[in-house]
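Data first, discussion second: the structure below is written as C-alpha cells.
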Amino acid sequence: MRVVPWRRWGRLLSSRSEASCSSSTVRFRLGSPLLPLLLGLPLAAGLGPTRAQAQVACATANSDGSYTVPGDWALKPSGVAGGATFRLLFVTSTKRDATATDIATYNTFVQDRAKAGHSAVTDSCGDLFKVVGSTSAVNARANTDSESTDTDAAIYWLNGAKVADNYADFYDRIWDSAAARDESGNSSSSVTSVWTGSANNGTILTAQLTLGGGFSVGVGDISDTNDPIYDGTDNRLNTYPFYALSPVFKVDSGSPTLTISGPASADEGDGDPMQRLFTVGLSSAVTGKVSYRVCFSGTAKLGSGSGSLVQDYRMASKGATVSNEEGCLSGLELAAGETGSGQDVGIAVLGDLFPEGDETVVATLTLEAAPEGVVLGTNMATHTIRNDDGSKATLTLPGATTSLVEGDGPAEFVLNGSGVTLGSSYYVQFGLGGAATNRTDYRIEVRLDGQWYDVAGTAGSVLLDVDADVLPLRLRLVPLADERVEGEERAVLTLAAGEGYTSGTSSSVTFDVGERTVAVAAAAATVTEGEAAGFTLTASPAPTGNVSVAVEVTDSGDFASDGTGARTVTVGTTGTASFSVATTDDDTDEPNGTITATVNAGTGYAPHSTEGSASVTVNDNDVAPTVFWEFRGGGIAENSGTYTREAIQANRDLGSALTVNYSLSGTATCGTDYMITGADCTTGMGAFTLPANTTAFTGVPFPVTITPDDISDNGETIIVTLTAGNGYNISGEVSTFTIYDDTGSAAFSLSGTPQVSETLSIVKDSDDPDGNGSRSFNYVWQFRATSSDDWSDLAASQRGCGDTTTCTPTHNEDYPTVGGYF
Numbered sequence: 005m006r007v008v009p010w011r012r013w014g015r016l017l018s019s020r021s022e023a024s025c026s027s028s029t030v031r032f033r034l035g036s037p038l039l040p041l042l043l044g045l046p047l048a049a050g051l052g053p054t055r056a057q058a059q060v061a062c063a064t065a066n067s068d069g070s071y072t073v074p075g076d077w078a079l080k081p082s083g084v085a086g087g088a089t090f091r092l093l094f095v096t097s098t099k100r101d102a103t104a105t106d107i108a109t110y111n112t113f114v115q116d117r118a119k120a121g122h123s124a125v126t127d128s129c130g131d132l133f134k135v136v137g138s139t140s141a142v143n144a145r146a147n148t149d150s151e152s153t154d155t156d157a158a159i160y161w162l163n164g165a166k167v168a169d170n171y172a173d174f175y176d177r178i179w180d181s182a183a184a185r186d187e188s189g190n191s192s193s194s195v196t197s198v199w200t201g202s203a204n205n206g207t208i209l210t211a212q213l214t215l216g217g218g219f220s221v222g223v224g225d226i227s228d229t230n231d232p233i234y235d236g237t238d239n240r241l242n243t244y245p246f247y248a249l250s251p252v253f254k255v256d257s258g259s260p261t262l263t264i265s266g267p268a269s270a271d272e273g274d275g276d277p278m279q280r281l282f283t284v285g286l287s288s289a290v291t292g293k294v295s296y297r298v299c300f301s302g303t304a305k306l307g308s309g310s311g312s313l314v315q316d317y318r319m320a321s322k323g324a325t326v327s328n329e330e331g332c333l334s335g336l337e338l339a340a341g342e343t344g345s346g347q348d349v350g351i352a353v354l355g356d357l358f359p360e361g362d363e364t365v366v367a368t369l370t371l372e373a374a375p376e377g378v379v380l381g382t383n384m385a386t387h388t389i390r391n392d393d394g395s396k397a398t399l400t401l402p403g404a405t406t407s408l409v410e411g412d413g414p415a416e417f418v419l420n421g422s423g424v425t426l427g428s429s430y431y432v433q434f435g436l437g438g439a440a441t442n443r444t445d446y447r448i449e450v451r452l453d454g455q456w457y458d459v460a461g462t463a464g465s466v467l468l469d470v471d472a473d474v475l476p477l478r479l480r481l482v483p484l485a486d487e488r489v490e491g492e493e494r495a496v497l498t499l500a501a502g503e504g505y506t507s508g509t510s511s512s513v514t515f516d517v518g519e520r521t522v523a524v525a526a527a528a529a530t531v532t533e534g535e536a537a538g539f540t541l542t543a544s545p546a547p548t549g550n551v552s553v554a555v556e557v558t559d560s561g562d563f564a565s566d567g568t569g570a571r572t573v574t575v576g577t578t579g580t581a582s583f584s585v586a587t588t589d590d591d592t593d594e595p596n597g598t599i600t601a602t603v604n605a606g607t608g609y610a611p612h613s614t615e616g617s618a619s620v621t622v623n624d625n626d627v628a629p630t631v632f633w634e635f636r637g638g639g640i641a642e643n644s645g646t647y648t649r650e651a652i653q654a655n656r657d658l659g660s661a662l663t664v665n666y667s668l669s670g671t672a673t674c675g676t677d678y679m680i681t682g683a684d685c686t687t688g689m690g691a692f693t694l695p696a697n698t699t700a701f702t703g704v705p706f707p708v709t710i711t712p713d714d715i716s717d718n719g720e721t722i723i724v725t726l727t728a729g730n731g732y733n734i735s736g737e738v739s740t741f742t743i744y745d746d747t748g749s750a751a752f753s754l755s756g757t758p759q760v761s762e763t764l765s766i767v768k769d770s771d772d773p774d775g776n777g778s779r780s781f782n783y784v785w786q787f788r789a790t791s792s793d794d795w796s797d798l799a800a801s802q803r804g805c806g807d808t809t810t811c812t813p814t815h816n817e818d819y820p821t822v823g824g825y826f
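Numbering (my numbering), first residue to last: 5 to 826.
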C-alpha cells in the first residue's frame, strides 16, 4: 500500500479509493514524464544466430610458439579479444592404466582422443595436445610447455569455463572451475580421479609415484576445484582418464572486434527518467551486418513498467526487442561498414525518493550473427547509479504481545521512524509469521486521512509504500471470525529489510488470537417427567456483541414434548444465556430418560473442549404393574399339540404393550421336546409381550407347543420362570409343565376278583394316550348286585368303599348279592 499525501508522486503512484480496498498497494497513476521516453522507442523483431564455423590448421607456429585462430573459431572462449592467447584442457573420455614408462605413450593416447573429438580440432592441432603428466624422465610442466619461461596463456576447459588465468594459477592446487569437459566438449561430471603422476605444481613428487614409476602412481581429483593434479595415489594397474592440454592458441589480432562501453557514474535524480547510454561498436568495418544482444544485471532493479514495486531503471533502445523476463534487448545490429562508436543502447534511470545505497547496472554483450572473422572483445560494461536521497531511516514496531479474541474488535499498533528525511518514501515490508494466517484468521488495516483501509498482502508478507510525512503510522490487526475449531493462534509481524530504511531494536509486534469458547451446563441434574429441563450457555470471554450459538437437543426416552433438534441461542455481552426443554407427564411406566444439549461449532466461537454438552436425567413417576402366572403349570400329554391353558396376568390395566422376560429350565429340552414362540433355546431366555390395553387380571395365553416322539421319556418337565425387566414387578414367577408319554392304554384298570371278601385295587396308567392317568381325579367304588342294577342305586354305593385305592366289597341282608359276585 502506498501511504503518501496527495501532492506526491513516485515510482508506484495511483489514485487512492475512499472505500476499503483489497489491493496490497494504494497507488497514484503512473507519472507521465516516463511514458514519452519509453513509448516513443519502437521495437524490432530479434534475429536468430547464423554464425559460420572457421577451421584451424596448426601447421606453422608463430614466433612465440602459438598458433593463430580466427576470431570466430568455435572453440575460442567468450571474451578473449584479438591478439590474446589461450589454451584448451580436456579429460579423455576413455581410460587406460599407468604402467607405461615413456611419456610419448601417454601423449599419443591423448592426441588420438583430441583428433577423434570436437570437429573444430583438426588433426594438425590434435597432434599437438600433450598429457598433463610426469614420468621419471620428464615432468608435466616440461611436457606441456607450461614452464614459467614459456609463452603464458589462460587455460579453459574445451568448450567450457576458464580453469586458470595463467600457468602459475594452473599449478597453485586450486582451479577456477571443476566443470570438466571431454575431447568433444561435453560435460565429464562423472569423472573424479585422473592419472597424472605429478605434484600439484606440475613437478615430480618422487620417481616411484610417476607414470610407470612404481606400484602406486599419483592421481588428481576433479570432483571439486582443490588438488586437481595430485590428491593421492592408486594402483597403476587401475584404469583412469588423463588430462590433455592444447598448444597455445592466439586470436587473430586483425579480426574486427565487437565491444561495449558504459556511461560514467551519475546521480539517480528525483523526477523525470534519466537516459543513460551504453555504446556498442566495431574496431574495424565489415562487409555485412553484425547482430548482437545486450542483457542487463547488477544490484539495481530492472522494472517492467507494471507489477514491480521497486524499479530503478528500464530498458529502452530504439529498434530492439525487449524481453523483461530475461532482462535483455535483442535484435540489435550494426550495418555493413559501420565502425567506431557504432550504436547506443539505452536505459531509463527512474529517479525516486528512497534513501538507498549506490546501485549498479551491468550490461553484457553477446555476438549473435556476423561475417566470418568478427570476434567479441570487451563484452561487459558497468554503470553506477548514485543515491542522492540521503541516509537510511530507522523504523520500529512496539515489540509487545497483545491478546485478542476471534471475531472481537481489533488491536492497534504504531510504526515509528527516526532519522527520516522529509520528502523521502520507503517501501516497508512486514514478514508474517506464527500459526495464524493473514486473510484467513486476521487482516491488517492502515489509518489514512481519518479512515481505515484494508491492506491485502499475502499469507506471508505485507508491503507498504510509506511516505516520511505520515510517520508515525497507525495500523491495526483485525481478528476474523470463522467456524473452524482451531484454538489460540499467534500472528507475528516483523519488519523485513527494505528500501531506504533499517529495522530498529524493536522490529516486531505479536498478537495471540484466541478463540471464544461456549460451555453448556444443566440447571438441575434431574427432573421428574412433566418438569422442564433447563440449560445455561456460558461464553468465555464474554462477547462484545451478540453471538448466535448453535445448539443440538436430543432426547433419550421420549420425554421431551417439544424443542428437540437444532436451535439457535443468542449470547449477549453478559456472556450467559439460558433455555429449557419441556417434558411430558404421562401414565406409562417407563425407564428414566435423559435430555442432552450439545454446543455445535459456529461463527465467532468454538464448543468448549470438555463442557460442550450437558445432560438432565428425567425420572419416570408411574408405578410399574405386577405380572404373575394364572395357573402355574399342569400336565401336558405328548400328543396334545400346543398347550394354551397357562396364561400371564398383570394386576392393572396396561396402556401400552409390556414385554416380560423369562428363563427356561427343567428336564425337557427346548427345541427338541417343545417350542415356545419368542424363546432362544441356545441361551434359555425369552420374552413375552402383553398387548396394549390388556385389562387387569386378564390372562394372556402363554402357548407351549409339545413335540411328540417315540422315546419313553415320561414325566419330563418344562419350568418357565418370569425374570426382571423394565416396567414391571414379579409375583408368582414359576410355572411348571409336565409332559406325559402317549404310548400306554386306558388311564386306569382294576385288579382282583369282584367277589365278596376279595380285595380289589385300582391301577393308574400315567402312560395312557390322553395322559389322564397321571392326573389326580376323584372316584368311588360301586358294586351292583346284577348287571341290570342302576349305578345310582344306593345299594351299589353301600357295597363300595369310597375313594380308597383298594376295596373289599361286602354284602348284607339289606344289600344282598347273587352268589357273592358282582
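All residues carry an ideal CB built from backbone N, CA and C; glycine is no exception.
- Using a C-beta cut-off of 8 Å, the stretch 634-646 makes contact with the stretch 707-717, since at least three inter-stretch Cβ pairs fall below that distance.
- In the structure shown, the three-state DSSP call for Ser-150 is coil.
- Three or more Cβ pairs closer than 8 Å define a contact, and the stretch 73-85 falls short of that threshold against the stretch 138-148.
- Residue pairing by DSSP leaves Val-84 without any beta bridge partner.
- Runs of the beta strand (DSSP E) lying entirely within the stretch 224-274 and spanning at least 3 residues, in chain order: 236-239, 247-249, 253-255, 261-265.
- CA-to-CA, the gap between Pro-232 and Val-223 works out to about 8 Å.
- With fewer than 16 other Cβ atoms from the protein chains shown falling within 10 Å of its own Cβ, Asn-697 counts as exposed.
- For Arg-177, DSSP records no beta bridge to any residue.
- A Cβ-Cβ contact shorter than 8 Å links Phe-219 with Arg-240.
- With a cutoff of 8 Å on beta-carbon distance, Asn-391 and Gly-438 are scored as not near each other.
- As a beta-bridge residue in DSSP terms, Phe-90 pairs with Ala-158, Phe-253.
- Scanning the stretch 710-740 from its first residue to its last, the whole beta strand (DSSP E) runs of 3-plus residues come out as 720-727.
- With fewer than 16 other Cβ atoms from the protein chains shown falling within 10 Å of its own Cβ, Asn-230 counts as exposed.
- For Arg-145, the three-state secondary structure derived from DSSP is helix.
- Beta-carbon to beta-carbon, Ala-367 and Ile-264 are separated by about 6 Å, close enough to satisfy the 8 Å threshold.
- Listed in chain order, the beta strand (DSSP E) elements of length 3 or more contained wholly in the stretch 359-406 are 363-373, 384-390, 397-400.
- Distances from the alpha-carbon of Leu-477 to those of Gly-454, Leu-754, Glu-493, Gly-491 put Gly-454 closest.
- Within the stretch 471-550, the complete beta strand (DSSP E) segments at least 3 residues long are 477-483, 493-499, 505-507, 512-518, 521-526, 530-532, 537-544, listed from N- to C-terminus.
- Every alpha helix (DSSP H) stretch that sits fully inside the stretch 100-124 and reaches 4 residues is listed by chain position as 107-119.
- With contacts defined by Cβ atoms closer than 8 Å, Val-760 and Thr-814 form a contacting pair.
- Burial is judged here by how many other beta carbons sit within 10 angstroms of a residue's own beta carbon; Phe-133 has at least 16 and is buried.
- The shortest C-alpha to C-alpha distance from Glu-634 to any of Pro-695, Cys-62, Gly-502, Val-704 is the one to Val-704.
- Three or more beta-carbon pairs separated by less than 8 Å are not found between the stretch 446-453 and the stretch 394-403, which leaves the two stretches without contact.
- Within 10 angstroms of the beta-carbon of Gln-279 lie fewer than 16 other beta-carbons, which makes it exposed.
- Under DSSP, the beta-bridge partners assigned to Ile-599 are Asp-559, Val-620.
- Counted as a single uninterrupted DSSP element, the beta strand (DSSP E) harbouring Gly-637 occupies residues 637-641.
- Rounded to the nearest angstrom, the Cβ distance from Leu-162 to Phe-113 is 16 Å, too far for a contact under 8 Å.
- Between Thr-261 and Gln-347, the alpha-carbon positions lie close to 14 Å from each other.
- In this structure, Val-125 and Tyr-247 do not form a Cβ contact; the two beta carbons are roughly 16 Å apart against a cut-off of 8 Å.
- By the beta-carbon neighbour count (other beta carbons within 10 angstroms, threshold 16), Val-60 is buried.
- If you draw a straight line from the Cα of Thr-462 to the Cα of Ser-428, it is about 26 Å long.
- Check the Cα spacing between Val-555 and each of Ala-700, Val-284, Thr-757, Gly-616: the tightest is with Gly-616.
- DSSP places Asp-458 inside the beta strand (DSSP E), whose first and last residues are 455-459.
- Note that the stretch 430-437 touches the stretch 499-515; at least 3 beta-carbon pairs, one per stretch, sit closer than 8 Å.
- Distance between Thr-621 and Thr-530, taken at the CA atoms: about 5 Å.
- For a cut-off of 8 Å, the C-beta gap from Leu-436 to Gly-518 is around 18 Å, too long to register as a contact.
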